[in-house]
Amino acid sequence: MKRSIEDTPIVFIGAGNLATNLAKALYHKGFRIVQVYSRTMESARTLAEKVEAEYTTDLQEISKDAKLYIVSLKDAALVDLLPQITEGKQSSLLVHTAGSIPVSIWEGYAERYGVFYPMQTFSKQRTVDFRQIPVFVESNSAEDTRTLKDIASVLSENVYEADSEQRKSLHLAAVFTCNFTNHMYALA
245 MKRSIEDTPI
255 VFIGAGNLAT
265 NLAKALYHKG
275 FRIVQVYSRT
285 MESARTLAEK
295 VEAEYTTDLQ
305 EISKDAKLYI
315 VSLKDAALVD
325 LLPQITEGKQ
335 SSLLVHTAGS
345 IPVSIWEGYA
355 ERYGVFYPMQ
365 TFSKQRTVDF
375 RQIPVFVESN
385 SAEDTRTLKD
395 IASVLSENVY
405 EADSEQRKSL
415 HLAAVFTCNF
425 TNHMYALA
């Protein structure tokens with residue numbers, strides 16, 4: 245019997261705006277979120293309760309049994325915590341959600357890695373319609389790229405492959421457009 249993609253045990257490392265929206269969207273589509281990590285107990289517990297998962301604030305207590313780890317941390321934290329995040333998980337699929345960080349950041353830390361980048365500004369207080377959000381994926385293997393596209397396709401009607409340079413340009417354009425518009429609104 246073939247297992248469905250939704251059976252993949254997922255751990256979220258991070259519980260901020262993007263992680264909260266993505267975890268809830270995956271959970272509502274039937275995906276199994278098994279654990280949430282956050283540096284603060286309140287954030288970890290709040291998101292974990294919404295997706296019926298365990299939670300932790302200790303990087304050493306992150307489950308090593310998941311098949312997919314979605315790392316949604318601030319860019320600087322991702323870079324600083326990379327060795328701890330990947331420890332004992334080298335054969336699992338590890339992805340980050342950053343638009344500006346290249347996929348190559350994983351090299352030397354994980355065997356299977358990639359990027360799962362929803363191009364949207366997120367807020368914990370505002371639910372978004374993932375069907376309309378473009379999701380850009382990249383991986384170091386064709387099989388894992390297919391897996392990421394399959395997962396993204398459950399959420400969004402707009403799923404694309406984009407390499408690190410393309411994603412960086414898209415992210416820069418999106419940040420400029422959103423922030424410039426907000427800035428002009430504030431000035432007006």
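Numbering of the sequence shown is given in the working numbering, commencing with residue 245 and proceeding in unit increments. Beta carbons: idealized from backbone N, C-alpha and C, even for Gly. From a predicted model like this one, the values you see are computed outputs, not experimental measurements.
Within the region 310 to 348, the runs of alpha helix (DSSP H) that reach at least 4 residues and sit entirely inside it are, in chain order, 319 to 330.
With a beta-carbon spacing of about 14 Å, D319 and S348 fall beyond the 8 Å limit used to define contacts. Counting only residues of its own chain and dropping the five nearest sequence neighbours on each side, E405 has a CB closer than 8 Å to the CB of F380, V381, E382, T389 and K393. The beta carbon of T330 lies closer than 7 Å to those of L338, Y353 and A354 in the same chain, with the five residues before and after it left out. The region 286 to 296 and the region 305 to 315 do not touch, with fewer than three beta-carbon pairs separated by less than 8 Å.
A distance below 6 Å between beta-carbons, with the five flanking residues on each side excluded, links P378 to the following residues of its chain, in chain order: M363 and N402. Linking A396 to A430 through their CA atoms gives a straight-line distance of about 34 Å. DSSP places S397 in the helix class (H, G or I) of the three-state scheme. Counting only residues of its own chain and dropping the five nearest sequence neighbours on each side, G258 has a CB closer than 6 Å to the CB of S316 and L317.
By the neighbour-count criterion, in which a residue is buried when 16 or more other Cβ atoms sit within 10 angstroms of its Cβ, T284 is exposed.
Here W350 is not near Y361, since their CB atoms are 8 Å or more apart. With a cutoff of 8 Å on beta-carbon distance, N261 and S367 are scored as near each other. Residue pairing by DSSP places S383 opposite G358 in a beta bridge. The Cβ neighbour count for S248, taken over all protein chains shown within 10 Å, is under 16; the residue is labelled exposed. Within the same chain, and ignoring the five residues on either side of V280 in sequence, the residues whose Cβ sits closer than 6 Å to its Cβ are F256, A259, A288, L291, A292, A297 and Y299. Distance from the CA atom of A263 to the CA atom of P253, rounded to whole angstroms, is 16 Å.
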